[in-house]
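Note that full-length UniProt numbering gives residue 481 to position 481 of the sequence shown, counting from 1, and the numbers run on in steps of one. Just so you know, even glycine gets a beta-carbon here, dropped at the ideal spot from N, CA and C. None of these values were measured; they are calculated from a predicted model. The structure appears below as structure tokens.
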Amino acid sequence: MMRAALPIWVPDPVCSLSRLRTRHMLLRPPIACGPYAQRTQLLSAAGVRYSTNRPYEEGRIKVERNEGMLFINNIAPLRLQWFFRLSPVSEGQFVDRVLRQFNQPSYAAADHWAIARRAMPPDWNIEIKAVVPRLKEGGLFVKYSRPPDKTDEEIEEAVKIHLMDKPIRPWFNPFDQVGVGRVVGNPWIEDLHRFPSPKLKVEFCPTSPETTATELTQEALYTIFRKYGKLRDIERQQPGSPVTPKFAYVEFSRVKFAVLARSCVHGLTVIEKDGGGKHGTVLKITYERKIKGSWIREWLFNHPRIVIPTLAALIAGITVIIFDPIRTAFIKLRIKYLLNTEEKGFWEWIRKQVRRANILSSGHQKSQSNILAAIWDNRKNDVAQLQSWLMESAGTFIVVQGPHGSEKRELVIQSLKRHRYKVIIDCKPIQEARGDSAMISAAATQVGYRPVFSWMNSISSFIDLASQGIIGTKAGFSDTLDAQLGKIWANTGNALKQIALEERGKDDRDSQLSEEEYLEAHPERRPVVVIDNFLYRASEKTLVYDKLAQWAAALTTENIAHVIFLTTDPSYPKSLSKALPNQVFRTISLGDCSLEVGKKFLLSYLERNGGDDGSKPGLSQGLEDLESCVATLGGRLPDLEFMARRIKAGESPQSAVNRIIEQSAAEILKFFVLEVDPDTRHWTREQAWYLIKELANSEDAVVPYNQILLSGLFKERGEAVIEALEQAELVAVVSVNGRPSAIKPARPVYHAAFRRLTGDKVLRSRLDLAVLALLIGNENKKISKYEDELQLLGRLHKQPSQLTSRVQWVLRKIEHAQAKVERYEMESASLDRVLQSER
Numbered sequence: 001m002m003r004a005a006l007p008i009w010v011p012d013p014v015c016s017l018s019r020l021r022t023r024h025m026l027l028r029p030p031i032a033c034g035p036y037a038q039r040t041q042l043l044s045a046a047g048v049r050y051s052t053n054r055p056y057e058e059g060r061i062k063v064e065r066n067e068g069m070l071f072i073n074n075i076a077p078l079r080l081q082w083f084f085r086l087s088p089v090s091e092g093q094f095v096d097r098v099l100r101q102f103n104q105p106s107y108a109a110a111d112h113w114a115i116a117r118r119a120m121p122p123d124w125n126i127e128i129k130a131v132v133p134r135l136k137e138g139g140l141f142v143k144y145s146r147p148p149d150k151t152d153e154e155i156e157e158a159v160k161i162h163l164m165d166k167p168i169r170p171w172f173n174p175f176d177q178v179g180v181g182r183v184v185g186n187p188w189i190e191d192l193h194r195f196p197s198p199k200l201k202v203e204f205c206p207t208s209p210e211t212t213a214t215e216l217t218q219e220a221l222y223t224i225f226r227k228y229g230k231l232r233d234i235e236r237q238q239p240g241s242p243v244t245p246k247f248a249y250v251e252f253s254r255v256k257f258a259v260l261a262r263s264c265v266h267g268l269t270v271i272e273k274d275g276g277g278k279h280g281t282v283l284k285i286t287y288e289r290k291i292k293g294s295w296i297r298e299w300l301f302n303h304p305r306i307v308i309p310t311l312a313a314l315i316a317g318i319t320v321i322i323f324d325p326i327r328t329a330f331i332k333l334r335i336k337y338l339l340n341t342e343e344k345g346f347w348e349w350i351r352k353q354v355r356r357a358n359i360l361s362s363g364h365q366k367s368q369s370n371i372l373a374a375i376w377d378n379r380k381n382d383v384a385q386l387q388s389w390l391m392e393s394a395g396t397f398i399v400v401q402g403p404h405g406s407e408k409r410e411l412v413i414q415s416l417k418r419h420r421y422k423v424i425i426d427c428k429p430i431q432e433a434r435g436d437s438a439m440i441s442a443a444a445t446q447v448g449y450r451p452v453f454s455w456m457n458s459i460s461s462f463i464d465l466a467s468q469g470i471i472g473t474k475a476g477f478s479d480t481l482d483a484q485l486g487k488i489w490a491n492t493g494n495a496l497k498q499i500a501l502e503e504r505g506k507d508d509r510d511s512q513l514s515e516e517e518y519l520e521a522h523p524e525r526r527p528v529v530v531i532d533n534f535l536y537r538a539s540e541k542t543l544v545y546d547k548l549a550q551w552a553a554a555l556t557t558e559n560i561a562h563v564i565f566l567t568t569d570p571s572y573p574k575s576l577s578k579a580l581p582n583q584v585f586r587t588i589s590l591g592d593c594s595l596e597v598g599k600k601f602l603l604s605y606l607e608r609n610g611g612d613d614g615s616k617p618g619l620s621q622g623l624e625d626l627e628s629c630v631a632t633l634g635g636r637l638p639d640l641e642f643m644a645r646r647i648k649a650g651e652s653p654q655s656a657v658n659r660i661i662e663q664s665a666a667e668i669l670k671f672f673v674l675e676v677d678p679d680t681r682h683w684t685r686e687q688a689w690y691l692i693k694e695l696a697n698s699e700d701a702v703v704p705y706n707q708i709l710l711s712g713l714f715k716e717r718g719e720a721v722i723e724a725l726e727q728a729e730l731v732a733v734v735s736v737n738g739r740p741s742a743i744k745p746a747r748p749v750y751h752a753a754f755r756r757l758t759g760d761k762v763l764r765s766r767l768d769l770a771v772l773a774l775l776i777g778n779e780n781k782k783i784s785k786y787e788d789e790l791q792l793l794g795r796l797h798k799q800p801s802q803l804t805s806r807v808q809w810v811l812r813k814i815e816h817a818q819a820k821v822e823r824y825e826m827e828s829a830s831l832d833r834v835l836q837s838e839r
């Protein structure tokens with residue numbers, strides 16, 4: 001007789017081990033694997049096949065009529081959930097591969113089949129059909145075949161009593177024990193990334209689409225869930241909430257209780273007598289994510305009005321702490337070593353070697369040295385005055401004003417040879433920069449402020465724009481141009497103050513003084529700040545100049561540095577008075593040099609440079625009219641230098657002067673008369689031409705200031721127009737006792753250029769016609785206004801005697817205006833004849 005066949009486990013190719021380990025592993029029924037597991041088969045002694053379904057693919061464990069199911073929890077630690085999230089394979093495959101490496105059935109996690117067998121009472125003869133592990137929930141489902149004379153409630157009670165007598169303790173916590181519960185619902189077996197939490201969300205769903213669900217009361221929920229563990233709270237949905245399906249929150253004191261409850265109750269249909277309504281209610285349970293570390297992130301995203309400005313302030317604070325000392329150090333490096341090489345032996349040696357190689361000694365630098373050599377005797381008083389001001393202890397706020405070509409910068413630099421440290425800020429490249437970022441970079445370059453993240457300003461502007469749409473206000477990530485320039489000047493001021501205090505030691509006799517008192521007592525140790533091209537293109541934007549004036553005022557009032565402004569604009573007091581309203585500026589006005597000095601300069605230039613072939617020209621040959629040519633050019637040094645170069649090239653003085661006059665006349669005609677844009681210019685071509693003609697007709701090239709204001713073209717905004725032309729350097733205003741007295745050409749050669757322009761009959765007739773047309777239009781406007789007044793007076797029913805004088809006055813005004821119109825028309829007719837006869 002053959003022996004009864006032992007149960008044989010036929011493994012699938014995915015879940016099988018590489019080799020069979022022990023006999024008892026061959027005898028135990030299968031463990032359901034992952035979503036790719038094939039059907040496993042169990043052959044009993046009678047040859048009957050028992051199969052397990054594929055739970056992760058179908059989402060359910062099929063239970064027959066004579067079968068039941070238990071859930072055993074607390075067999076694996078829930079704190080290892082992060083490990084399952086990182087697992088590249090499914091949970092079933094991972095568990096089957098790893099846990100089968102254990103060959104110790106005494107461990108709770110070594111063999112799921114052993115756990116299921118140990119949990120069943122041995123005397124009940126319960127046949128285990130399948131085991132489905134749920135490692136991410138720390139438990140497993142056990143499907144069994146119910147004996148005919150037993151019920152599921154009795155089996156559950158027997159299993160609990162058995163575990164009380166012989167508890168199974170998890171390997172990770174020997175002081176705890178596993179729990180068990182009867183599955184009364186229809187559990188959902190999934191391998192999604194949803195992990196246990198002590199809080200459950202219980203949804204009340206209908207049993208069919210045609211029926212409706214009933215929202216369970218707290219008492220009904222307590223009755224259902226309390227058996228699985230200690231409850232912490234039951235929270236129902238807010239009354240009137242439109243969210244469907246209706247739900248409630250059930251929170252347990254421990255996570256393992258929530259796991260047991262969800263595994264056993266999910267899919268339970270609550271009947272009417274238990275509070276489920278007439279058609280019953282199905283409970284769908286999910287884990288409600290418990291907020292732990294993520295609450296910080298959620299709070300940050302939910303409170304942008306607080307977080308975004310705080311983040312901007314934090315970034316600004318970090319920037320100040322980290323980058324400001326670096327920037328101050330770079331500014332000090334530029335002031336001490338890069339701008340002041342004359343006192344550093346190594347740098348002076350390099351400068352001399354480069355000069356010998358003729359790399360830096362350009363013609364412009366030669367001409368500059370020649371100019372200084374020629375005019376030095378004439379400017380000695382100004383240099384001495386400037387040097388004496390720099391030695392005074394009071395705040396030094398100096399303005400050196402003069403037209404282009406008066407060599408203001410060279411004069412100041414020559415005067416500062418005694419001072420070790422100086423910084424020169426040129427406003428021209430800052431003002432010519434296009435856009436805020438370029439302007440910030442140009443300002444930073446002038447003082448050596450680095451690193452400068454000007455490109456970040458554009459990105460930060462987009463962030464601010466986005467935050468304005470989110471929270472309604474800007475976050476403050478991007479600084480305005482005003483704030484950025486303020487930072488640059490503030491860091492420069494800190495560097496200047498540190499340089500001024502470097503030589504202060506403990507052994508100094510003034511060491512007991514405060515920093516402010518020490519700087520006031522030692523003016524010779526203050527650095528010098530030279531601000532060149534101040535008010536250059538001031539009509540376009542004044543922000544840079546306002547910030548510089550405020551910063552310079554702070555430097556002088558705090559005795560940190562001496563400040564010298566170099567400007568060509570005579571209206572500088574308007575800008576500087578805003579920063580220092582109660583202080584009188586110390587001013588040096590540089591004009592054109594005298595004719596005698598100009599003649600000496602020409603002769604000195606020709607003697608030093610010689611001809612193009614290197615020979616010395618005969619100074620008596622072709623220079624007979626030199627004095628008249630110098631008188632025509634005046635003492636403007638650039639014009640004299642240009643004439644000297646033309647003479648050196650072989651031209652006669654008169655030919656060189658004619659070339660200068662022609663070039664000046666062309667520039668005047670282009671920029672002030674023909675190409676006048678009313679949107680960017682503050683004068684009209686008729687006003688400019690009127691001034692040109694009046695100055696050309698004057699023998700001494702000077703016209704009274706009030707005479708121009710009283711003319712018909714300058715009665716409206718006349719002073720503003722003259723000021724604009726002065727800033728554009730067409731004319732210069734001569735002041736007497738602080739009031740404007742006369743108007744003269746901005747450059748001496750302009751007088752000859754004005755005469756050259758007015759000597760052109762066609763040009764003069766054309767522009768005079770435009771002036772006359774404008775004057776005729778002004779007079780006609782007056783006549784129309786007077787006629788309207790006469791009509792108004794004529795509508796009165798009775799003419800009062802008091803209006804007689806008014807009517808006569810209006811009639812006289814009309815008469816005078818009409819006479820002017822007739823005279824202007826006669827002049828226009830003669831000019832028309834000129835234009836018709838000339839080409």
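Asked: 6 Å Cβ shell around Ile814 - same chain, five flanking residues per side excluded; Found: Ile783, Tyr786
Asked: Through-space distance from Trp188 to Met164, alpha-carbon basis; Found: 29 Å
Asked: Cα-Cα separation, Val821 to Gly634; Found: 41 Å
Asked: Option in Lys199, Ala701, Gly185 with minimal Cα separation from Val749; Found: Ala701
Asked: Gln707 (DSSP reduced to helix, strand or coil); Found: helix
Asked: Nearest neighbour of Arg756, chosen from Pro638, Gln802, Ile692 [CA to CA]; Found: Ile692
Asked: The region 127 to 137 contacting the region 148 to 165, beta-carbon criterion three pairs below 8 Å; Found: no
Asked: Simplified DSSP state of Asn778, which is helix, strand or coil; Found: helix
Asked: Three-state secondary structure assigned by DSSP to Met120; Found: coil
Asked: Sequence-distant residues of its chain with Cβ nearer than 8 Å to Gln498 (five each side left out); Found: Thr328, Lys332
Asked: Beta-carbon contacts of Thr207 that lie in its chain and below 7 Å, excluding the five residues immediately before and after; Found: Thr269, His279, Gly280, Val282
Asked: With 16 other Cβ atoms within 10 Å as the buried cut-off, status of Pro325; Found: exposed
Asked: Continuous alpha helix (DSSP H) stretch holding Gly179: start and end; Found: Gly179 -> not in any alpha helix (DSSP H); beta strand (DSSP E) instead, spanning 179 to 182.
Asked: 8 Å Cβ cutoff met for Val255 and Pro198; Found: yes
Asked: 3 or more residues per run - each beta strand (DSSP E) lying fully within the region 239 to 279; Found: 247 to 252
Asked: Alpha-carbon spacing of Glu627 relative to Trp689, whole angstroms; Found: 30 Å
Asked: Assigned secondary structure, Phe714 (DSSP; H/G/I helix, E/B strand, else coil); Found: coil
Asked: Buried versus exposed, by CB contacts within 10 Å (16 or more), residue 845; Found: With the chain covering 1 to 839 only, the question about residue 845 has no answer from this structure.
Asked: Separation of Phe247 from Pro209, as counted between CA atoms; Found: 18 Å
Asked: Contact under 8 Å by Cβ, Leu200 with Ala114; Found: no
Asked: Proximal residues to Ser837 (C-beta, below 6 Å), its chain only, five neighbours per side dropped; Found: none
Asked: Minimum C-alpha distance to Tyr421 - residue among Arg525, Gln401, Gln385, Asp482; Found: Arg525
Asked: Val250 to Thr319 span [Cα, whole Å]; Found: 49 Å
Asked: Burial state of Pro800 (16 or more Cβ within 10 Å); Found: exposed
Asked: For Leu311, three-class secondary structure by DSSP; Found: helix
Asked: Cut-off 6 Å between Cβ atoms - residues of its own chain near Asp382, not counting five sequence neighbours on either side; Found: Ile588
Asked: Rounded straight-line distance, which links the Cα of Asn533 to that of Ala656; Found: 29 Å
Asked: Buried versus exposed call for Gly759 [16 or more other C-beta atoms within 10 Å across all chains shown]; Found: exposed
Asked: Exposure label - Ser620; buried when at least 16 CB within 10 Å; Found: Residue placement at Ser620 cannot be trusted, given a pLDDT of 46 that sits under 50; the coordinates are not used to answer.
Asked: Residues bridged to Ala732 (per DSSP); Found: Lys744
Asked: 3-residue-minimum beta strand (DSSP E) runs that sit fully inside the region 542 to 577, ordered along the chain; Found: 562 to 567
Asked: Counted within 10 angstroms of its Cβ, other Cβ atoms place Asn66 as buried (16 or more) or exposed; Found: exposed
Asked: Cα-Cα separation, Trp683 to Phe714; Found: 10 Å
Asked: Where Ala442 sits in the DSSP three-state scheme; Found: helix
Asked: Beta-carbon gap between Thr214 and Gly277 smaller than 8 Å; Found: yes
Asked: Supposed close pair Asn494, Glu520 - CB separation, criterion 8 Å; Found: Going by Cβ atoms, the distance from Asn494 to Glu520 rounds to 18 Å, so no, they are not a contact pair.
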